[in-house]
Every structure is written in structure tokens, then in C-alpha cells.
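*Asks:*
Numbering (the working numbering), first residue to last: 293 to 478.
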């Protein structure tokens, strides 16, 4: 949101592309231009950081993340292509004078880059969520198995104490831990 507000606050400062008051090639005019005119790609990179931050939300469903990511991508793309049209054209003319006829405009490349980053970060987020769910289910399963083992052990101890005399049952039940340790050392 802060990135978008900053991007939209930069729009009125753009002079007409046909204006003779600002010379593109002079270094003094470039230093007078605002930060959004000197490097508009910076704001698109901030949108990518916002996508990464959205990916890191752990307790949020993947659908909410996808909605936020689509909102960030769509609004940044709309601002890049429509609102910042003149800013990106001026940036391309200043930075890529010798390549201007053969290159794809920066406003499109930045928008496509943000979209590709959104898709890849969404798939990464979905993969992490699936892993977290799988680990949670495995944890529950291990806990249930431990409970079953504990119940079986108590059942076996009750059977041994009911079938054998007390001093013999204590001998076998007391030595069970030594028997359990021996096979694991092999």
C-alpha cells in the first residue's frame, strides 16, 4: 500500500514528453528529476519484496495469500503500464538510447517480472504449506502410535503380574529395559 501511494504521488511531477523545458541528455536535469523518474524499476522491486513478505505469512491460508499476491501484482502492473507510462518511456529513452528500437519497454518487462515472481512465490508458498500439513499429520500419527505402545506395555505388565508370582514378575519387568537396550546396540 505504501509503495502504491508513493508511486501514485510521483505522477504529477512528470513533464510532457514533447516539452522543451527539460533536456533529457543534460546531467543537471537528470539530477533534478525525482527518484521515481531516475529509477522507476525500484518501485517494482519493492512490489516483489511485498510478494515475498506475503509468502512468509505462516498462519494464513494459501487462498488469502493468492488474493493478496494478485492484488499486489495487478495494482503494480496497472500503475506501471497506465499511470507511469510517461515515466517508463522517459526512463527507457535516457537509459537505453542506442537500443530503443529493439527492446521491449521497461513497463512491460517489469510487469511480466512481477507476475512471474508472483506465480513462483505462490507455488513455493503452497509447497511449504503442504509440507507443514504433512509434518503435522505425521506428528499426530507418531503420537497415536506412542499411545498405543504405552497401552500395550501396560496391558503386558498387567498380564505378567497376574500370571506370575510378584517377585518373579518384578524380576522380569525390572529386566525388560535391559532387554530393550541390547538389540539397539547391535
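Where is the CB? At the ideal position from N, CA and C, for every residue including glycine.
#1: With 16 other CB atoms within 10 Å as the buried threshold, where does residue 409 fall?
#2: So the alpha helix (DSSP H) residue 448 belongs to, where does it begin and stop?
#3: Return yes when the Cβ of residue 343 is within less than 8 Å of the Cβ of residue 355, no when it is not.
#4: So, is residue 455 buried or exposed, given that buried needs 16 or more other C-beta atoms within 10 angstroms?
#5: With 16 as the cutoff for other CB atoms within 10 Å, does residue 347 come out buried or exposed?
#6: Can you tell me where the alpha helix (DSSP H) with residue 355 in it begins and where it stops?
#7: Return the residue from the list 357, 441, 415 and 397 that minimises the CA-CA distance to residue 373.
#8: Do residue 368 and residue 345 come within 8 Å of each other at the CB atom, strictly closer than that value?
#9: For residue 322, which of helix, strand or coil comes out of DSSP?
*Replies:* The structure says:
#1: Its Cβ being crowded by 16 or more others within 10 Å, residue 409 is buried.
#2: Counting along the chain, the alpha helix (DSSP H) containing residue 448 begins and ends at 398-455.
#3: no
#4: It counts as exposed.
#5: buried
#6: Per DSSP, residue 355 belongs to the alpha helix (DSSP H) from 354-370.
#7: 397
#8: no
#9: With a pLDDT of 43 at residue 322, under the threshold of 50, the modelled position of that residue is not reliable, and no figure is offered here.
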